[in-house]
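Colleague: Let me begin by handing over the structure; questions about it come next.
Residue numbers (our numbering), protein chains in the order written: chain A, 1 to 325; chain B, 1001 to 1325.
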């Protein structure tokens, strides 16, 4: 029997079906997975009578680089950015569906590592990989859909913030942007910020926790804090003021900023890809664990705006830009 | 105020957010859409307490060609192939999420036409476009996730076929393959088969109808009848025999076959992309409207197999091949 070394195998050698199998094989399925992959569609239970659904696409060279990250890290990231959107509605992630387009010449090991990363991140959030499709393309495009359950609560949208509310965040800010700056200069350390760029660690649990505590609006910070707060401000027709002194600028960001001649507060306020959560809470609410107050919701003036210590924040970089090509 | 002609606008000029808006704007949402696009995630009601979910990815040059089809037709096709998977579970489509990766230089009109086609096909099936993501890539990759509701019925999987069951199909077979043969030779007519290749018209209603009638197994015919029946045979551990005489070979397929020197029965038995539905029913069931009997489920011999008039069917082309690159 002829055998080829695993190192030389490609995605095309594996074939579509065995790759889908590898993406999902050996993964623990949560109790919500009634029918996993392998049929025309999956069946997922929705105890709440509603399902939260979101989709995000990641493209090689735009959203990740396989010379900066391992395939496993890319897989984790692809799933994490979607599950963060589910958490930002106050929902608990239940399921993930994976669409993978990649060159037929992609080493099988890369696809398997991508799959392992996806599975690990889904498990970390309590979700199951319930379906997938693998097709040939010229570059790697990963498209993920995540589903979640509201557990009987109302979804926390972007439009419920009211003047007087407290603005709070959960999770890290600025780390991924600092990591991008480091990697962009050709460095590979400090590893803390570099890994934050390689894959985010969204605080999934803090989404439902905020909803239980009565959060009035919530958003996943994917494009940068100020830019994403602008979405809340516009949707809620309010203004939002961030108190710079309340923001945590970690010592490591300060050090990287000093080394690269960059302003770490820029990263905290406008850096994307950390997938922290930002939410507004009624003024009398005790913030749940994991959340820290960083500002206030105000009446909108002529138009909704987001300020820092009462002023427009001036930065060179104004958030994450998708259209790089 | 400086204005640019619409003809010269690109996807990058539109920006990510306005393109997502265009994908979904002005579309009627079904009653299941509780929160449409524009927030971190959509909220879709799932009256059944379960949701059916499936994802499929289409790549330019592999699954569609914009010199063969209009962008609107491609949009319809991308949504149709996913909704057919939902119908094949016996479920009614409720929602569609769209991931679109395309070059920043893509004309805005192409993206808008793609979006219009997606919206039209979703509406045709009673589903809403509830979310989307648009990113830059080197080629056009469309990734769709479709959700559906089982309306209290059990999902019709691939594994329930039993010896003695009747095999039946709903929808057209062989048309898209005939169209592919025509287009591949550089012709643009006959328009019936060419359009069948450009976008399929899956018989969505026939999926739930089959489930209500007691179908024991069902599959969406995407890769060719014989190949897809093999999935049922293996999952159900049965053999399946197709009666060639029961298959409808439309006069147009016969004519195209004669013109191209091809065997039209090959297209009917192995041509993909028509997205007909194939299902098995208990022998005593009166087939619902839209379904026609074409064979029988048998005890598996040494291994499950699919035969035509009791024999292995010999074709040159053995189904749809994704790995063309």
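Ideal placement from N, C-alpha and C gives every residue a C-beta, glycine not left out.
So, are the CB atoms of residue 1239 of chain B and residue 1146 of chain B less than 8 Å apart?
Modeller: To locate residue 1239 of chain B, count along the second chain from 1; it is residue 239. To locate residue 1146 of chain B, count along the second chain from 1; it is residue 146. Taking 8 Å as the Cβ cut-off, residue 1239 of chain B and residue 1146 of chain B do not qualify as a contacting pair.
Colleague: For residue 155 of chain A, which residues in chain B fall below 7 Å Cβ to Cβ?
Modeller: Mapped onto the first chain, residue 155 of chain A falls at position 155. Residues of chain B passing the Cβ test: 1035, 1043.
Colleague: On the three-state DSSP scale, how would you describe residue 92 of chain A?
Modeller: Taking the first residue of the first chain as position 1, residue 92 of chain A is located at position 92. It is a strand residue.
Colleague: So residue 49 of chain A contacts chain B; which residues on that side make the cut at Cβ distance below 8 Å?
Modeller: Walking along the first chain from the start, residue 49 of chain A turns up at place 49. Under the 8 Å cutoff, chain B gives 1045, 1046, 1047, 1049.
Colleague: Check the Cβ of residue 1097 of chain B against every Cβ in chain A and list those closer than 7 Å, keeping chain order.
Modeller: For the purposes of this step, residue 1097 of chain B is taken as residue 97 along the second chain, with counting starting at 1. What residue 1097 of chain B touches in chain A: 53, 55, 145.
Colleague: Flag residue 158 of chain A as yes if its beta-carbon sits less than 8 Å from any beta-carbon of chain B, otherwise no.
Modeller: Here residue 158 of chain A is taken as the residue at index 158 of the first chain, counted from 1. So yes, residue 158 of chain A belongs to the interface.
Colleague: Figure out for me which residue from A:269, A:157, A:100 has the closest Cα to the Cα of residue 139 of chain A.
Modeller: Taking the first residue of the first chain as position 1, residue 139 of chain A is located at position 139. Among A:269, A:157, A:100, the Cα nearest to that of residue 139 of chain A belongs to A:100.
Colleague: Please check if any C-beta of chain A sits within less than 8 Å of the C-beta of residue 1219 of chain B.
Modeller: The residue you call residue 1219 of chain B lines up with position 219 of the second chain. Closer than 8 Å to some Cβ of chain A, the Cβ of residue 1219 of chain B qualifies, so yes.
Colleague: Pop quiz: residue 129 of chain A and residue 74 of chain A are said to be a contact at Cβ under 8 Å. What is the actual Cβ separation, rounded to whole angstroms?
Modeller: Here residue 129 of chain A refers to the residue found at position 129 when the first chain is read from its first residue. Here residue 74 of chain A refers to the residue found at position 74 when the first chain is read from its first residue. Actually they are not in contact, since the Cβ atoms of residue 129 of chain A and residue 74 of chain A sit about 15 Å apart, beyond 8 Å.
Colleague: Heavy atom of the ligand SAH less than 7 Å from the Cβ of residue 1111 of chain B, yes or no?
Modeller: Within the structure as shown, the ligand SAH is missing, as the structure has no ligands at all.
Colleague: Here's the rule: buried if 16 or more other CB atoms are within 10 angstroms of the residue's CB, otherwise exposed. What is residue 1196 of chain B?
Modeller: The residue labelled residue 1196 of chain B in the question sits at position 196 within the second chain. Buried.
Colleague: Which residues bound the beta strand (DSSP E) around residue 1052 of chain B?
Modeller: Your numbering for residue 1052 of chain B matches position 52 in the second chain. Start and end: 1050-1059.
Colleague: How many whole angstroms separate the CB atoms of residue 1131 of chain B and residue 1041 of chain B, which I take to be in contact at a CB cut-off of 8 Å?
Modeller: Indexing the second chain from 1 puts residue 1131 of chain B at position 131. Indexing the second chain from 1 puts residue 1041 of chain B at position 41. With a Cβ gap of about 7 Å, residue 1131 of chain B and residue 1041 of chain B count as contacting.
Colleague: With 16 as the cutoff for other CB atoms within 10 Å, does residue 325 of chain A come out buried or exposed?
Modeller: Position 325 of the first chain, counted from the start, is the residue given in the question as residue 325 of chain A. Below a pLDDT of 50, predicted positions are generally treated as unreliable, and residue 325 of chain A, at 36, falls in that range; no measurement from the model is reported.
Colleague: CB-CB under 7 Å to residue 44 of chain A, same chain, minus the five flanking residues each way: which ones, in chain order?
Modeller: As a working note, residue 44 of chain A is residue 44 in the first chain. 32, 33, 34, 94, 95, 130, 147, listed in sequence order.
Colleague: At 4 residues or longer, and completely inside the stretch 1075-1162 of chain B: list those alpha helix (DSSP H) runs for me, N to C.
Modeller: Taking only runs of at least 4 residues, the alpha helix (DSSP H) segments lying wholly in the stretch 1075-1162 of chain B are 1108-1124.
Colleague: Checking contacts by CB at 8 Å: is residue 1080 of chain B closer than that to chain A?
Modeller: By 1-based counting over the second chain, the position of residue 1080 of chain B is 80. No - not a single Cβ of chain A is within 8 Å of the one on residue 1080 of chain B.
Colleague: Does any CB atom of chain B fall closer than 8 Å to the CB of residue 88 of chain A?
Modeller: Taking the first chain and counting its residues from 1, the one referred to as residue 88 of chain A is at position 88. Yes - at least one Cβ of chain B is within 8 Å of the one on residue 88 of chain A.
Colleague: From the beta carbon of residue 1005 of chain B, is the nearest beta carbon of chain A less than 8 Å away?
Modeller: Numbered from 1 along the second chain, position 5 holds the residue referred to as residue 1005 of chain B. Note that residue 1005 of chain B scores 43 on pLDDT, short of 50, meaning its location in the model is unreliable and no value can be drawn from it.
Colleague: Comparing the C-beta of residue 1040 of chain B with each C-beta of chain A, is any distance below 8 Å?
Modeller: Counting from one through the second chain, the residue named residue 1040 of chain B turns up at place 40. Answer yes: the Cβ-Cβ gap between residue 1040 of chain B and chain A drops below 8 Å somewhere.
Colleague: Would you decide whether residue 1311 of chain B is buried or exposed? Buried here means 16 or more other CB atoms lie within 10 Å of its CB.
Modeller: The count along the second chain starts at 1 and reaches residue 1311 of chain B at position 311. With fewer than 16 other Cβ atoms within 10 Å, it is exposed.
Colleague: Got a sec: which bits of the stretch 115-138 of chain A sit with their beta carbon under 9 Å from any beta carbon on chain B, in order along the chain?
Modeller: Per Cβ criterion, the list reads 130, 131, 132, 133, 134, 135, 136, 137, 138.
Colleague: Looking only at its own chain, which residues have a Cβ that is under 7 Å from the Cβ of residue 1180 of chain B, when we skip the five neighbours before and after it?
Modeller: Position 180 of the second chain, counted from the first residue, corresponds to residue 1180 of chain B. 1197.
Colleague: Quick check on the burial criterion: 16 or more other C-beta atoms within 10 angstroms. Buried or exposed for residue 1251 of chain B?
Modeller: For the purposes of this step, residue 1251 of chain B is taken as residue 251 along the second chain, with counting starting at 1. Under this definition residue 1251 of chain B is an exposed residue.
Colleague: Restricting to Cα atoms, I'd like to know which of B:1137, B:1177, B:1159 is closest to residue 62 of chain A.
Modeller: Position 62 of the first chain, counted from the first residue, corresponds to residue 62 of chain A. Checked all of B:1137, B:1177, B:1159; the closest Cα to residue 62 of chain A is B:1137.
Colleague: Should residue 101 of chain A be flagged as near chain B, meaning a C-beta pair shorter than 8 Å?
Modeller: Locating residue 101 of chain A in the first chain gives position 101, counting from the first residue. So yes, residue 101 of chain A belongs to the interface.
Colleague: Counting beta carbon pairs with one atom in the stretch 264-284 of chain A and one in the stretch 210-226 of chain A, are three or more of them shorter than 8 Å?
Modeller: Enough Cβ pairs lie closer than 8 Å, so yes.
Colleague: Does any residue of chain A have a CB that is nearer than 8 Å to the CB of residue 1085 of chain B?
Modeller: Locating residue 1085 of chain B in the second chain gives position 85, counting from the first residue. Yes, residue 1085 of chain B counts as interfacial toward chain A.
Colleague: Can the beta-carbon of residue 11 of chain A be found less than 8 Å from the beta-carbon of residue 104 of chain A?
Modeller: Reading the first chain from its first residue, position 11 is the one you call residue 11 of chain A. Reading the first chain from its first residue, position 104 is the one you call residue 104 of chain A. Their beta carbons are under 8 Å apart, which means residue 11 of chain A touches residue 104 of chain A by this criterion.
Colleague: Mapping the DSSP letters down to three states, classify residue 226 of chain A as helix, strand or coil.
Modeller: What you label residue 226 of chain A is simply residue 226 of the first chain in a count that begins at 1. Helix at residue 226 of chain A.
Colleague: Between residue 1062 of chain B and chain A, is the shortest Cβ-Cβ distance under 8 Å, so that the two count as touching?
Modeller: By one-based count along the second chain, residue 1062 of chain B stands at place 62. Residue 1062 of chain B counts as touching chain A.
Colleague: Can you grab the Cα-Cα spacing for the pair residue 107 of chain A / residue 1026 of chain B, in whole Å?
Modeller: Within the first chain, residue 107 of chain A is the residue found at index 107, counting from 1. Within the second chain, residue 1026 of chain B is the residue found at index 26, counting from 1. So the two alpha carbons sit approximately 43 Å from each other.
Colleague: Within 10 angstroms of the Cβ of residue 189 of chain A, are there 16 or more other Cβ atoms? Answer buried if so, exposed if not.
Modeller: Position 189 of the first chain, counted from the start, is the residue given in the question as residue 189 of chain A. So residue 189 of chain A ends up on the exposed side.
Colleague: Does the Cβ-Cβ distance between residue 1029 of chain B and residue 1021 of chain B come in under 8 Å?
Modeller: Counted from its first residue, the second chain places residue 1029 of chain B at position 29. Counted from its first residue, the second chain places residue 1021 of chain B at position 21. No; because the gap between Cβ atoms is not below 8 Å, this pair is not in contact.
Colleague: So, is residue 1055 of chain B buried or exposed, given that buried needs 16 or more other C-beta atoms within 10 angstroms?
Modeller: To locate residue 1055 of chain B, count along the second chain from 1; it is residue 55. The residue in question, residue 1055 of chain B, is buried, as its Cβ has 16 or more Cβ neighbours within 10 Å.
Colleague: Applying a beta-carbon distance threshold of less than 7 Å, which residues of chain A neighbour residue 1059 of chain B?
Modeller: Taking the first residue of the second chain as position 1, residue 1059 of chain B is located at position 59. Going along chain A in sequence order, the residues near residue 1059 of chain B (Cβ under 7 Å) are 101, 135, 136, 137.
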